[in-house]
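Student: Residue numbering for the sequence shown follows the numbering used here, beginning at 268 and increasing consecutively.
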Amino acid sequence: MTDSKGLSLQWKMLIGFAVGLTLGLIVHFTQADAPWVDTVTTYVTGPIGQIFLRLLFMLVIPLLFSALVVGVAEMGDVAALKRIGVKTLVYTVAISSIAVVIALTAVNIFRPGDGVDPALAQSLLSEAREGAGAILTNTREMPSGVQAFLNIIPSNVVTAASQNDILAVMFFALIFGIGLLLVNTPSAQRLQEAVEGIFHVTMKLIGIVIRMAPIAIACFMFNLAAVFGWELLVRLGAYVGVVLLALAIHMFVVYSVALKTLGGMSPLYFFRQSQEAMVVAFSTASSNATLPTALRVAEERLRLPPKVSRFVLTIGATANQNGTAIFEGVTVLFLAQFFGVDLTLTQQFMVLLVCILGGIGTAGVPAGSLPVVALILGMVGVPPEGIGLVLGVDRFLDMCRTTLNVTGDLTAAVVISRGEDEGPPAPQRTPEGEGVAEAHPS
Numbered sequence: 268m269t270d271s272k273g274l275s276l277q278w279k280m281l282i283g284f285a286v287g288l289t290l291g292l293i294v295h296f297t298q299a300d301a302p303w304v305d306t307v308t309t310y311v312t313g314p315i316g317q318i319f320l321r322l323l324f325m326l327v328i329p330l331l332f333s334a335l336v337v338g339v340a341e342m343g344d345v346a347a348l349k350r351i352g353v354k355t356l357v358y359t360v361a362i363s364s365i366a367v368v369i370a371l372t373a374v375n376i377f378r379p380g381d382g383v384d385p386a387l388a389q390s391l392l393s394e395a396r397e398g399a400g401a402i403l404t405n406t407r408e409m410p411s412g413v414q415a416f417l418n419i420i421p422s423n424v425v426t427a428a429s430q431n432d433i434l435a436v437m438f439f440a441l442i443f444g445i446g447l448l449l450v451n452t453p454s455a456q457r458l459q460e461a462v463e464g465i466f467h468v469t470m471k472l473i474g475i476v477i478r479m480a481p482i483a484i485a486c487f488m489f490n491l492a493a494v495f496g497w498e499l500l501v502r503l504g505a506y507v508g509v510v511l512l513a514l515a516i517h518m519f520v521v522y523s524v525a526l527k528t529l530g531g532m533s534p535l536y537f538f539r540q541s542q543e544a545m546v547v548a549f550s551t552a553s554s555n556a557t558l559p560t561a562l563r564v565a566e567e568r569l570r571l572p573p574k575v576s577r578f579v580l581t582i583g584a585t586a587n588q589n590g591t592a593i594f595e596g597v598t599v600l601f602l603a604q605f606f607g608v609d610l611t612l613t614q615q616f617m618v619l620l621v622c623i624l625g626g627i628g629t630a631g632v633p634a635g636s637l638p639v640v641a642l643i644l645g646m647v648g649v650p651p652e653g654i655g656l657v658l659g660v661d662r663f664l665d666m667c668r669t670t671l672n673v674t675g676d677l678t679a680a681v682v683i684s685r686g687e688d689e690g691p692p693a694p695q696r697t698p699e700g701e702g703v704a705e706a707h708p709s
């Protein structure tokens, strides 16, 4: 996304991050106790950040509902592919669950958010809750045990939406999408198109809201840096390291095991043939923008059957976002640790479920996971404006997690292809050692 002068939104966000951080650090070391600082944070930078968050919260429920419904329903839009759709759904949920477990394990072991002065963190947390107002009305004490499980199933989806009960809304969207998948009538098709229209409109509006992100980031970072000083940079570096570690484990361990055991393909062969799609994913930070390249790689390099690869990769661009699920899980727990919010096992389990469904329902565009992260933060009692901490480094992390997302889509295509009429063929070695697919590699 660029303006008429060619300056991308990501560069603007980075500039906003740098400006806010620099000014905040200057204030922290020179004017921390000055009365004007409190005035600026209370009446200028704070409200600007809240406006940005409220606009995101306003749109996140229709976005997640429509994206999840369409993502699931499209798995059965062709009767011959319903079996493939069910296999894709089961595989996607299973592999996303592994991704989130890796993320939560890594962030609990390394705890990148620890080490911040508890008094300062609690002070900022109190101020954030006062300023957030209605955004944090859903941060009530979460139920545990059987009640926590029952609360996932809403008795009234409208009430759940009004209370920002994201897990209940997403459960309803999942069931609704499965219903559309099973009903093949003209009326159901028109309803699916209407829901898809909601998705397109919401995405357009979020794209407009995201344009004010550079200003909001500058405000967030000014407030945070003015309070925490250099501690902010130390914790941020640790956070980036944990995200990259979790992404690497999932790509090179989990995907390799899935390729070898479920797909019957050599991981080395797969990664070598998929390099082009991975590079495009890293440079664009968009699963949707990488889709044409991924389709060509699947058919020409991996030699997967087109009827499977086109279906799985098209759905996967929105519904198989393992990197996004990892990012969301690490970010939520990191910010909880940073602000001194001790999440119970039940709350962490809720975060896991939301991240799994969020990985299915998050749009495959740059910054598509931002609204989901903000809503999860509010759900577990962490100030949503904490996302300002990570937005400055989000572009780089977005590029990394998109690479994992696209690689995961190609991995899914290999796994789903196995056992179909045409299986993924194996490489026939050329004199130069380049693999040309002819039969299943092992």
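Don't be surprised by glycine CBs; every beta carbon is placed ideally from N, CA and C.
Does the distance from the C-beta atom of residue 372 to that of residue 579 stay below 8 angstroms?
Tutor: no
Student: Give me the Cα-Cα distance between residue 504 and residue 340, rounded to the nearest whole angstrom.
Tutor: 40 angstroms
Student: Relative to the C-alpha of residue 592, which residue among 643, 310 and 482 is closest?
Tutor: 643
Student: List the whole-angstrom C-beta distance separating residue 291 from residue 489, where the pair is believed to meet the contact cut-off of C-beta under 8 angstroms.
Tutor: Cβ atoms of residue 291 and residue 489 come within 8 angstroms of each other, at about 4 angstroms.
Student: For a test of the three-state rule: what should DSSP assign to residue 576, helix, strand or coil?
Tutor: helix
Student: Which of the three DSSP states, helix, strand or coil, is assigned to residue 275?
Tutor: strand
Student: Mapping DSSP to helix, strand and coil, what is residue 329?
Tutor: helix
Student: Check this for me: beta carbons of residue 367 and residue 658, under 8 angstroms apart or not?
Tutor: no
Student: In or out: residue 297 buried (at least 16 other Cβ within 10 Å) or exposed?
Tutor: With fewer than 16 other Cβ atoms within 10 Å, it is exposed.
Student: Mind checking if residue 592 is an interface residue toward chain C, Cβ cutoff 8 angstroms exclusive?
Tutor: The question asks about chain C, but that chain is absent: this structure has only one protein chain.
Student: Consult DSSP for residue 286 and reduce its assignment to one of helix, strand or coil.
Tutor: In the three-state reduction of the DSSP assignment, residue 286 falls in the helix class.
Student: Using a threshold of 8 angstroms, state whether the C-beta atoms of residue 363 and residue 589 are closer than that.
Tutor: yes
Student: With a 10 Å radius around its C-beta and 16 neighbouring C-beta atoms as the bar for buried, classify residue 665 as buried or exposed.
Tutor: buried
Student: Can you give the Cα-Cα distance for residue 513 and residue 519, rounded to whole angstroms?
Tutor: Distance between the alpha carbons of residue 513 and residue 519: 10 angstroms.
Student: May I ask you to report which of helix, strand or coil DSSP gives residue 606?
Tutor: Coil at residue 606, not helix or strand.
Student: Under 6 angstroms Cβ to Cβ from residue 283, same chain only, skipping five residues before and after it: list those, please.
Tutor: 481, 484 and 485
Student: Given a cut-off of 8 angstroms on the beta-carbon distance, is the pair residue 640 and residue 599 in contact?
Tutor: yes
Student: How big is the Cα-Cα spacing for residue 536 and residue 501?
Tutor: Near 39 angstroms, if we compare the C-alpha coordinates of residue 501 and residue 536.
Student: What would DSSP say about residue 552, mapped onto helix, strand or coil?
Tutor: coil
Student: Rounded to whole angstroms, what's the CA-CA distance from residue 538 to residue 506? Just pull it up for me.
Tutor: Whole-angstrom Cα-Cα distance: 27 angstroms.
Student: Does DSSP put residue 301 in a helix, a strand or coil?
Tutor: It is coil, neither helix nor strand.
Student: Please name the residue in 316, 681, 445 and 656 whose C-alpha comes closest to that of residue 479.
Tutor: The closest CA to that of residue 479, considering only 316, 681, 445 and 656, is found on 316.
Student: Beta-carbon separation of residue 376 and residue 516 under 8 angstroms?
Tutor: no
Student: Would you tell me roughly how many angstroms separate the C-alpha atoms of residue 456 and residue 447, rounded to the nearest one?
Tutor: 8 angstroms
Student: Secondary structure at residue 661, three-state DSSP: helix, strand or coil?
Tutor: Per DSSP, reduced to three states, the secondary structure at residue 661 is helical.
Student: Cα-Cα, which of 424, 652 and 656 is closest to residue 320?
Tutor: 652
Student: Answer yes or no: do residue 682 and residue 544 have a C-beta to C-beta separation smaller than 8 angstroms?
Tutor: no
Student: What residue does the alpha helix (DSSP H) around residue 470 start on, and which one ends it?
Tutor: 453-477
Student: What number of angstroms, rounded off, separates the C-alpha of residue 491 from the C-alpha of residue 498?
Tutor: 10 angstroms
Student: Give the C-beta separation of residue 751 and residue 614 to the nearest angstrom, bearing in mind that I take them to be a contact with Cβ-Cβ under 8 angstroms.
Tutor: With the chain running from 268 to 709 in the structure shown, residue 751 is simply not present.
Student: Nearest to residue 621 by alpha carbon, out of 595, 445 and 301?
Tutor: 595
Student: Can you have a look at residue 295 and say buried or exposed, based on whether 16 or more other CB atoms are within 10 angstroms of its CB?
Tutor: buried
Student: Nearest-angstrom Cα distance between residue 396 and residue 645?
Tutor: With a pLDDT of only 49 at residue 396, under the threshold of 50, the placement of this residue in the model should not be trusted; the figure read from the coordinates follows. Near 10 angstroms, if we compare the C-alpha coordinates of residue 645 and residue 396.
Student: Please name the residue in 662, 624, 661 and 450 whose C-alpha comes closest to that of residue 361.
Tutor: Selected option, being the one with the closest Cα: 624.
Student: Who are the Cβ neighbours of residue 548 in its own chain at under 6 angstroms, not counting the five residues just before and after it?
Tutor: 557, 669, 670 and 673
Student: What number of angstroms, rounded off, separates the C-alpha of residue 325 from the C-alpha of residue 471?
Tutor: 14 angstroms
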